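Novice: A single structure is presented below for examination.
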Amino acid sequence: MNDEKKYVLLYKCKFKLFNVAGSELMYNKFTTEIPRIELSEFCRKNYIRVLSIIDSPSQWNGISADHINMLVEFEPNRIPGLIRLGKIKIELTVLLGYSVDVWTSPDFSHCFRQEVISSAEPLYV
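Numbers 3 to 127, taken from this note's numbering, label the letters of the sequence shown in order.
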């Protein structure tokens, strides 16, 4: 198995700055490699059907963000409570090496929920 298949490349915009006219002034990003096996084991252990990365709401406003937002879809009848969801957040933070916020689709307003879901970049399916 080559290195490309062993790792999931996590790519996320760290910050964007815009001028008054809306032109992009700065674009910075970070990348990190996540061992695919570890990510798969984590998702299976936590009954995660789909794990995706999403842009943070603060980035939609052009404000700096230093964390990763993850959209999580759980298996039917396996949706965790708040304590378990907090543990998942901590475990993802350790696995990725960056502060992580965990979201589910009902967490978003119906006004822009579909936009968030359609722009999500899946890491595990």
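All residues carry an ideal CB built from backbone N, CA and C; glycine is no exception. None of these values were measured; they are calculated from a predicted model.
1) W105: which of L98, V127 and V52 sits nearest, CA to CA?
2) Would you check if there are 3 or more beta carbon pairs closer than 8 Å linking the segment 40-56 to the segment 115-124?
3) Alpha carbon to alpha carbon, what distance is there between T95 and H69?
4) Excluding the five sequence neighbours on either side, which residues of its own chain have a C-beta within less than 7 Å of the C-beta of F44, listed in chain order?
5) Using beta-carbon positions only, say whether V118 and S107 come within less than 9 Å of one another.
6) Can you name, in chain order, every residue of its own chain whose Cβ lies under 8 Å from the Cβ of L73, other than the five neighbours on each side?
7) Excluding the 5 residues preceding and the 5 following H112 in the sequence, name in chain order all residues of the same chain whose CB lies nearer than 8 Å to its CB.
8) If you drop the 5 nearest sequence neighbours on each side, which residues of the same chain put their C-beta closer than 7 Å to that of E40?
9) Within 10 angstroms of its Cβ, does I50 collect 16 or more other Cβ (buried), or is it exposed?
10) Once DSSP output is grouped into helix, strand and coil, what is the label at F44?
11) What are the complete alpha helix (DSSP H) segments, minimum 4 residues, inside the segment 61-125?
Specialist: A quick look at the data gives this:
1) Among L98, V127 and V52, the Cα nearest to that of W105 is on V52.
2) Inter-segment contact for the segment 40-56 and the segment 115-124 is present: three or more beta-carbon pairs are separated by less than 8 Å.
3) CA-to-CA, the gap between H69 and T95 works out to about 9 Å.
4) Cβ neighbours of F44 beyond the five flanking positions: E93 and L97.
5) Cβ distance < 9 Å, so V118 and S107 count as in contact.
6) Around L73, the same chain offers V52, L53, S54, I55, I56, W105, T106, S107, V118, I119 and A122 as residues with beta carbons nearer than 8 Å, after the five sequence neighbours per side are excluded.
7) The beta carbon of H112 sits closer than 8 Å to no other beta carbon from its chain once the five residues preceding and following it are set aside.
8) The residues are L97.
9) With 16 or more other Cβ atoms within 10 Å, it is buried.
10) In this structure, F44 counts as helix in the three-state DSSP scheme.
11) List check, alpha helix (DSSP H) in window: 84-98 and 115-121.
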